[in-house]
Amino acid sequence: MTTHPNGTLDSALVETDWLEANLGRPGLVIVDCTVNVRPLPEGGVDLGPGRDGYLEGHIPGAVFADLLTELADLDRPRPFAIPESGTLAGRLEELGISSEDTVILYDRAHTAFATRLWWMLHSLGHDRAAVLNGGWRKWTAERRPVATEVPHPERGTFVPRPRPELFVGLEEVRLATEDPTVCLVNALSPEQHAGEVPVAHGRSGHIPSSVNVPAGALIDPVTGGFLRKGQLAARLDEAGVTKAGKVIAYCAAGVDATIDAFALKMLGITDVALYDNGLLEWSGDPSLRLDTTA
Numbered sequence: 001m002t003t004h005p006n007g008t009l010d011s012a013l014v015e016t017d018w019l020e021a022n023l024g025r026p027g028l029v030i031v032d033c034t035v036n037v038r039p040l041p042e043g044g045v046d047l048g049p050g051r052d053g054y055l056e057g058h059i060p061g062a063v064f065a066d067l068l069t070e071l072a073d074l075d076r077p078r079p080f081a082i083p084e085s086g087t088l089a090g091r092l093e094e095l096g097i098s099s100e101d102t103v104i105l106y107d108r109a110h111t112a113f114a115t116r117l118w119w120m121l122h123s124l125g126h127d128r129a130a131v132l133n134g135g136w137r138k139w140t141a142e143r144r145p146v147a148t149e150v151p152h153p154e155r156g157t158f159v160p161r162p163r164p165e166l167f168v169g170l171e172e173v174r175l176a177t178e179d180p181t182v183c184l185v186n187a188l189s190p191e192q193h194a195g196e197v198p199v200a201h202g203r204s205g206h207i208p209s210s211v212n213v214p215a216g217a218l219i220d221p222v223t224g225g226f227l228r229k230g231q232l233a234a235r236l237d238e239a240g241v242t243k244a245g246k247v248i249a250y251c252a253a254g255v256d257a258t259i260d261a262f263a264l265k266m267l268g269i270t271d272v273a274l275y276d277n278g279l280l281e282w283s284g285d286p287s288l289r290l291d292t293t294a
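By the count of UniProt numbering, the sequence shown reaches residue 294 at its end, each step adding exactly one.
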C-alpha cells in the first residue's frame, strides 16, 4: 500500500500495519463512522450513532462521523439519505476534511458503514479515500494503539466534483429489470432475498431479475476484513455479476449494498451504481412487483 505524492492511494483498501505506520502524518484524516445496529424481535433494526463507543476508545487521531444525522438529509423519509453535494461537502469540512486529504474510514461493525461513507466520498469525486480492512475489530485484535482524546481539527476546504452516475433512481431500476445487459444485485441475506423472513421495509422479497450476493459473503468471518480478490471475484462470478455491462447494487437503505459495490470497484469493474433508496422505496409502491422464492 502506497500513497503517491499527489495524495492518491494505489488501493481503496488499506491494512492495519500501513495505518499504524502513518498515524499522525499530515494530510491524513481517520474517520470512525460506526452506527450501532440492534435487531428487533418483530424484524428490522434499531439504529443509533456509535459515538459512545468512539469516546470510550478509537484509533489515535480519528474523528467521529454520524451517518444518521450529520451526514444525512433529515428532510427525507428514510435513514442514511445522502445530502446534496454542497451540503455534504460542508459537513465533511466540519470534520476537518479537505480535498487534498487522504481519508481512512473504519467502523466497529461489518465494514458496511465505512464502505457507505467511502461511496459518498467517491460520489463527490474524492479519490483519496480508503477503507481500513477489518476495521476496529482487526485493529484491536492486533493490539494496536487506542486513544480516548477527541481531536478538534480546523475546518477543511472540500471542493466537490459530483459523480451523479454512481446513484440511480427507481425508474432506472425498473428499466433494468427488463434489460439483460444490467445486473441487479441484492446485498441482503439469502432469507431476505427469498422473502422468507419479515422485514422492516414492508413487503418481503427482491426486485425482479436481481441476483443475490449477500454483503456478508464478501467478508472474512474470522478477520472481519474483505476476502482476497480471487475469492471476491469467484463469489461475484458465480452470480454472474462480473459479466454484466452495468451493475446496480441495492439493499434496504443503501448501506449493505455498498460492500458489494466497493468490492466490484476493487476488482476494476467501473460501471457500478447504487440504488440508494433500495427496498424501502421499491416495496412501498404496491404497483411494483417483488419476487420471492419462498
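The C-beta atom is built at its ideal place from N, Cα and C for all residues, glycine as well.
One or two residues paired with residue i in a DSSP bridge
| i | result |
| --- | --- |
| histidine 58 | Ala147 |
| arginine 38 | Asp46 |
| isoleucine 104 | Ile30 and Ala130 |
| aspartate 291 | His206 |
| asparagine 186 | Asn212 and Tyr250 |
| leucine 274 | Phe167 and Ala249 |
Residues near residue i in its chain [Cβ-Cβ closer than 8 Å; skip 5 each side]
| i | result |
| --- | --- |
| threonine 69 | Pro49 |
| leucine 88 | Leu71, Ile82, Met120, Leu124 and Pro160 |
| threonine 148 | Leu55, Glu56, Gly57 and His58 |
| valine 173 | Leu184, Ile207, Ile248, Tyr250, Tyr275 and Trp282 |
| methionine 266 | Ser11, Ala12, Leu13, Phe226, Lys229 and Leu232 |
| glutamate 191 | Val197 |
Neighbourhood of residue i by C-beta, 7 Å cutoff - its chain only, sequence neighbours within 5 removed
| i | result |
| --- | --- |
| alanine 81 | Ala72 and Asp73 |
| valine 14 | Met1, Ile104, Ala130, Leu132 and Asn133 |
| isoleucine 97 | Val29, Val103, Gly156 and Phe158 |
| threonine 292 | Ala194, Gly195, Ser204 and Gly205 |
Neighbourhood of residue i by C-beta distance below 6 Å, restricted to the same chain and skipping five residues each side
| i | result |
| --- | --- |
| serine 189 | Pro214 |
Nearest-angstrom Cβ-Cβ length linking residue i and residue j, presumed shorter than 8 Å
| i | j | result |
| --- | --- | --- |
| tyrosine 250 | leucine 279 | 7 Å |
| alanine 142 | threonine 34 | For the sequence presented, residue 142 should be read as glutamate rather than alanine. With 8 Å as the limit, glutamate 142 and threonine 34 do not qualify as a contact, their Cβ atoms being about 18 Å apart. |
| arginine 78 | alanine 253 | 6 Å |
| alanine 65 | valine 37 | No, alanine 65 and valine 37 are not in contact; Cβ-Cβ is about 16 Å, not under 8 Å. |
| asparagine 186 | serine 210 | 5 Å |
Any non-hydrogen atom of the ligand PLP within 7 Å of residue i CB
| i | result |
| --- | --- |
| glutamine 192 | This structure does not include the ligand PLP; it has no bound ligands of any sort. |
The stretch 238-250 in contact with the stretch 217-229 per 3-pair CB rule at 8 Å: no
In chain order, each beta strand (DSSP E) run of at least 3 residues that lies wholly inside the stretch 210-252: 246-250
Within the stretch 78-104, ranges of the alpha helix (DSSP H) (whole runs, at least 4 residues): 85-94
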